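One structure is given here, and the rest of the page talks about it.
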Amino acid sequence: MNRREFPWQLAGLTGLLSLTGRAAQAQGAPVEGRDFLRVSPPVPIAPTGKVEVVEFFWYGCPHCFALEPSLEAWVKKLPATVHFERVAATFTPMHSYHARIYYALEILGKVEALHAKVFAAMHVQHQRLDKDADVVAFFNGQGLDGQKVLQTMKSFTVEGKLRQAKALAEGYKIDGVPTLGFQGRYTTSAALTGSEARLYATADALIARLRKSQG
């Protein structure tokens, strides 16, 4: 589904297709078109000597929230030859507002401490965090200067990060989240693979393929 066509109230129906009732894919090597998609043309990626892996996400997405614990555990096991980063979705003004929260936390060095708490605020405590006053109040409650967070959200630096995030999502042809991207060449998601276990097996196989191609 195309997340851009749906309002906040229908967020639970967007992004990932429902996994309910889907059987796990047969084990084995990932199959293009079934377990992953090839990006054409490839997204230009600056050479770093590492395999670049990105997660496209949205704080308002229930599937992103559900995936976060297993994703975090998987990321912690990645080898030093892999560079992982998150890219916040900017499909609509609502997505972009929440993206500003993420990139403000990144600039302030608070992603590790507060990323999961923002997710929990929206999906457990049912706070929408789509208004300045709500954002200030929330971060004040987390021991930060809420006004400083808000000011950072509206900074020139965050504007630049939003432009970069939008360009990267367009390059990868992302229209739903959560989705993983690999070195500008491939994408996969649990909606495509049918299960989280198959998602990570596919991700590991794609990383191995890319590492081999890099010599």
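Numbered by this note's numbering, the letters in the sequence shown go through residues 9 to 223 in order.
The C-beta atom is built at its ideal place from N, Cα and C for all residues, glycine as well.
None of these values were measured; they are calculated from a predicted model.
Exercise. Mind checking whether H91 and K58 have CB atoms under 8 Å apart?
Worked result: Using a Cβ distance threshold of 8 Å, H91 and K58 count as a contacting pair.
Problem set entry | F64 in three-state terms, based on DSSP | The answer is strand: DSSP assigns F64 an E or B state.
For this session: Can you tell me the Cβ-Cβ gap for W66 and V185, rounded? I've got them flagged as a contact below 8 Å.
Result: Contact holds; Cβ gap of about 5 Å.
Exercise. So, using beta-carbon positions, are A124 and E76 closer together than 8 Å?
Worked result: yes
Exercise. Which residue or residues does DSSP assign as beta-bridge partners of V90?
Worked result: V59
For this session: Output the distance between the C-alpha atoms of P101 and K156, rounded to the nearest integer angstrom.
Result: 21 Å
For this session: Grab the span of the beta strand (DSSP E) containing L152 for me, first residue to last.
Result: L152 -> no beta strand (DSSP E), and no H or E assigned at all.
For this session: State the Cα-Cα distance for the pair T22 and C69, rounded to the nearest angstrom.
Result: In this predicted model, T22 has a pLDDT of only 38, less than 50, meaning its place in the structure is not dependable enough to derive any value.
Exercise. A213 and P38 look like a contact to me (Cβ under 8 Å); what is the Cβ gap, rounded to whole Å?
Worked result: 5 Å
Exercise. If you check the beta carbons only, do V126 and I109 fall under 8 Å apart?
Worked result: yes
For this session: Go ahead and pull the three-state DSSP assignment for A42.
Result: Per the sequence shown, residue 42 should be read as Arg rather than Ala. Three-state result, R42: coil.
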